[in-house]
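S.K.: One structure is given below, represented as structure tokens, and several questions about it will come after.
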Amino acid sequence: MTKDLPKRFFVETWGCQMNELDSQRLSSQLMQEGILPTRDASQADLILLNSCSVREKAAHKAYSRLGEYRLLKQQRPNMLIGFCGCVAQQEGAQALKRVPDLDFVIGPARVGELRQILQQRLLGKRPVATGFPDASDRNYDIDLLSREGSHKGMVTIIEGCNKKCTFCIVPSTRGPEQNRPIGDILAEVRHLLDFGFREIELLGQTVNHWRDPGTDADFAVLLDRVASLEGLERLRFITSYPRDFSQEMVNQFARHPNICPYLHLPVQSGSDRVLKMMGRGYTTELYFDLVDRLRNSRAGLALSTDIIVGFPGETQQDFQATLDLISKVRFASVYAFKYSPRPGTAAPRLNQPEVPLAEADRRLQTLFSLQKEIQTELNQALVGDIFDVLITSWGKTPGTQTGRTPCHRVIHFEHGSEPAAIGDLVRVKVEQAYAHSLIGRAMSHSDTPAVRSQDTSPLPIIT
Ligand code: SF4
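Residue numbers (the numbering used here): 1 to 463.
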């Protein structure tokens with residue numbers, strides 16, 4: 001095995017924004033060592049697989065990908081392979097036994113230790129860095145170079161989760177909650193704004209459960225402080241837990257126009273009976289009341305949610321309650337999945353009857369078709385509106401670009417004579433609308449009213 005540092009690295013990232021940011025943190029450490037990124041895994045001397053355990057058969061998929069990388073290693077014997085992310089945390093040392101060519105394993109809470117782990121590997125060890133150190137022992141330093149190409153600056157504020165939803169594996173893969181101090185968070189956001197980011201996204205599994213370890217200031221205080229920073233044009237945060245959303249947090253939407261009119265608020269089910277079995281700790285009454293207060297605080301707030309169908313014991317009546325909730329709230333988008341058991345979670349021990357796979361499939365398709373109708377109606381109501389759009393990528397056809405409206409909808413548009421850079425804001429008029437995207441045309445700022453566009457989706461009637 002080589003005793004030299006690798007020259008080129010390749011990172012494959014699965015899963016959520018937390019993993020995306022973890023990959024930036026991994027890349028940052030390598031780039032500080034002079035190791036350069038490549039987009040071609042076959043050219044890399046170091047491959048990192050940053051895995052996700054949320055989807056079905058996660059471990060199986062991760063091992064199968066590691067198997068593909070082993071084949072590359074046969075052609076480049078000095079290549080190193082690192083297994084990272086939530087599946088790596090779950091598998092630990094066992095992964096080294098199952099994959100003889102695997103060089104090291106890093107859990108999500110140990111991402112900041114990559115450099116040391118690499119050094120240990122070069123000394124001949126096969127390190128396994130899993131477990132959950134305190135926030136004060138975690139390294140969040142990330143250089144700006146590794147954020148290049150990103151359209152927004154993501155900032156972790158809280159890692160892990162103290163809740164015990166009976167279907168969820170996150171508490172065992174990301175550990176108990178660890179809060180970053182407010183001073184560190186504000187300094188990182190300031191640094192990203194000075195670098196030129198227009199949009200900041202605060203991240204955490206239960207982002208609104210954040211507390212400053214020193215002063216006990218809560219997330220409403222943090223939102224207020226971050227949104228007040230000079231130069232911040234857009235602020236988002238994900239993921240919020242309904243029960244932890246205080247009125248002071250709701251009020252921030254009215255107080256700060258730069259907090260985007262969009263919120264991801266997972267409900268998981270429209271049935272109180274199922275919510276109880278899931279251990280969510282709230283009822284649909286609380287959820288509806290919160291939605292009402294949020295929409296009173298910011299007119300036209302767009303909401304998205306997560307839903308699980310076919311949870312053990314879910315009856316047709318329970319599922320109908322979920323459809324009713326979707327019809328009432330009229331989400332801008334819904335991320336829905338069929339329930340599948342995860343190792344070590346409580347749901348399989350609830351002794352509830354399983355929903356047959358074919359029935360769970362049918363329910364999922366019914367939900368998707370209802371949501372598609374709602375989304376199409378909401379999006380079509382936006383035709384003619386003008387939005388300040390944050391550019392996220394080049395379009396699929398020449399002369400076009402893609403971006404996100406403040407209400408987080410995807411919009412493809414013709415950029416006119418001057419394309420904008422990724423991460424820039426462009427004023428765009430919506431000309432067509434479909435269920436999953438808008439189509440528009442860039443406008444010159446002098447042609448259009450200098451107003452920050454609002455999401456004008458019809459308000460739901462919450463009863
Ligand atoms: S709140 Fe529930 S679903 Fe979300 S990460 Fe924690 S345990 Fe999982």
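Where a beta carbon is used, it is the ideal one built from N, C-alpha and C, also for glycine.
For threonine 156, count the other beta carbons within 10 Å of its own beta carbon; 16 or more makes it buried, fewer makes it exposed. Which is it?
M.R.: Buried is the call here.
S.K.: Could you check whether the Cβ of proline 37 sits closer than 6 Å to any heavy atom belonging to the ligand SF4?
M.R.: Every heavy atom of the ligand SF4 is 6 Å or more from the Cβ of proline 37, so no.
S.K.: Check whether the region 277–284 touches the region 159–173, taking contact to mean three or more Cβ pairs, one atom from each stretch, closer than 8 Å.
M.R.: The region 277–284 vs the region 159–173: in contact.
S.K.: With C-beta atoms as the reference, is proline 312 less than 7 Å away from glutamine 252?
M.R.: No, these two residues do not count as a Cβ contact at 7 Å.
S.K.: Give me, in chain order, the residues of the same chain whose beta-carbon lies closer than 7 Å to that of isoleucine 501; leave out the 5 immediate sequence neighbours on both sides.
M.R.: Nothing can be reported for residue 501: it is not among the residues displayed for the chain, which extend from 1 to 463.
S.K.: Check whether the region 62–69 touches the region 116–124, counting contact only when three or more Cβ pairs, one atom from each stretch, lie closer than 8 Å.
M.R.: Flag = no, the region 62–69 and the region 116–124 do not touch.
S.K.: Around the ligand SF4, which residues pass a check of Cβ closer than 5 Å to any of its heavy atoms?
M.R.: Working through the chain, the matches are Cys161, Lys163, Cys165, Cys168, Val170, Gln205.
S.K.: Hey, could you find the ends of the beta strand (DSSP E) isoleucine 169 is sitting in?
M.R.: Segment: none, isoleucine 169 is in no beta strand (DSSP E) and carries neither H nor E.
S.K.: Using alpha carbons as the reference points, say which of Cys260, Glu414, Trp394 lies closest to glycine 149.
M.R.: Per the Cα distances, Trp394.
S.K.: Does asparagine 162 come out as helix, strand or coil in the three-state DSSP assignment?
M.R.: Coil.
S.K.: Just the Cα atoms here: how many angstroms apart are leucine 48 and arginine 126?
M.R.: Roughly 15 Å separates the two Cα atoms.
S.K.: Measure from the alpha carbon of glycine 34 to the alpha carbon of each residue in Pro100, Asp143, Leu235, then state which is nearest.
M.R.: Per the Cα distances, Asp143.
S.K.: Mapping the DSSP letters down to three states, classify glycine 82 as helix, strand or coil.
M.R.: Three-state DSSP puts glycine 82 in a strand.
S.K.: Please determine, among Ser240, Gly214, Arg190, the residue with the shortest C-alpha to C-alpha distance to arginine 225.
M.R.: Of Ser240, Gly214, Arg190, the residue nearest in Cα terms is Arg190.
S.K.: Can you list the beta strand (DSSP E) stretches of 3 or more residues lying completely in the region 21–59, in chain order?
M.R.: List check, beta strand (DSSP E) in window: 46–51.
S.K.: How many Å lie between glycine 92 and histidine 436 at the Cα?
M.R.: So the alpha carbons of these two residues sit roughly 39 Å apart.
S.K.: Report the rounded CA-to-CA distance for aspartate 244 versus serine 327, giving the unit in angstroms.
M.R.: Near 24 Å, if we compare the C-alpha coordinates of serine 327 and aspartate 244.
S.K.: Can you tell me whether isoleucine 142 is helix, strand or coil according to DSSP?
M.R.: Of the three classes helix, strand and coil, the one that applies to isoleucine 142 here is coil, per DSSP.
S.K.: When you compare the region 38–53 with the region 128–138, are there three or more beta-carbon pairs, one atom per stretch, that lie closer than 8 Å?
M.R.: Because the criterion of three Cβ pairs below 8 Å is not met, the region 38–53 and the region 128–138 do not touch.
S.K.: Quick check on DSSP: helix, strand or coil for phenylalanine 219?
M.R.: Correct three-state label for phenylalanine 219: helix.
S.K.: Are the Cβ atoms of leucine 301 and leucine 294 separated by less than 7 Å?
M.R.: Against a cut-off of 7 Å, the Cβ pair of leucine 294 and leucine 301 comes out as a contact.
S.K.: Could you tell me whether the region 403–416 touches the region 379–394, using the rule of 3 or more Cβ pairs below 8 Å?
M.R.: Yes, since at least three Cβ pairs between the region 403–416 and the region 379–394 fall closer than 8 Å, the two stretches touch.
S.K.: Quick check on the burial criterion: 16 or more other C-beta atoms within 10 angstroms. Buried or exposed for aspartate 103?
M.R.: So aspartate 103 counts as buried.
S.K.: CB leucine 370 to CB alanine 336, shorter than 7 Å?
M.R.: In this structure, alanine 336 does not lie closer than 7 Å to leucine 370 by Cβ.
S.K.: What are the uninterrupted segments assigned as alpha helix (DSSP H) that are 4 or more residues long and contained completely in the region 189–243, given in chain order?
M.R.: Taking only runs of at least 4 residues, the alpha helix (DSSP H) segments lying wholly in the region 189–243 are 219–227.
S.K.: Excluding the 5 residues flanking cysteine 161 on each side, which residues of the same chain have their C-beta closer than 7 Å to its C-beta?
M.R.: Cβ neighbours of cysteine 161 beyond the five flanking positions: Val170, Pro171, Arg174, Glu177, Gln205, Thr206.
S.K.: What did DSSP end up calling arginine 280 once you bin it into helix, strand or coil?
M.R.: Here arginine 280 sits in coil by DSSP.
S.K.: Would you kindly report the start and end of the unbroken alpha helix (DSSP H) that includes isoleucine 117?
M.R.: First-last of the alpha helix (DSSP H) with isoleucine 117: 114–122.
S.K.: Taking only the alpha-carbon atoms, compute the straight-line gap between glutamate 56 and lysine 338 and give it to the nearest angstrom.
M.R.: Using only the alpha carbons, I get a separation of about 9 Å.
S.K.: Look at the alpha carbon of histidine 151 and the alpha carbon of threonine 392, and state the distance between them as a whole number of angstroms.
M.R.: Their Cα atoms are separated by approximately 5 Å.
S.K.: Contact defined as beta carbons within less than 8 Å: I believe alanine 129 pairs with methionine 79. What is the distance between those atoms, to the nearest angstrom?
M.R.: That pair is no contact at about 20 Å.
S.K.: Per DSSP, what kind of secondary structure is leucine 66 in: helix, strand or coil?
M.R.: Helix at leucine 66.
S.K.: What's the gap between the Cα of arginine 363 and the Cα of lysine 73?
M.R.: In a straight line, the C-alpha of arginine 363 is about 44 Å away from that of lysine 73.
S.K.: Count the other C-beta atoms from every protein chain shown that fall within 10 angstroms of the C-beta of serine 417, then say buried if there are 16 or more, exposed otherwise.
M.R.: Under this definition serine 417 is an exposed residue.
S.K.: Indicate the three-state DSSP secondary structure (helix, strand or coil) for valine 355 in the structure shown.
M.R.: Coil at valine 355, not helix or strand.
S.K.: Exposed or buried, which one is leucine 222 when buried takes at least 16 other CB atoms within 10 Å?
M.R.: It counts as buried.
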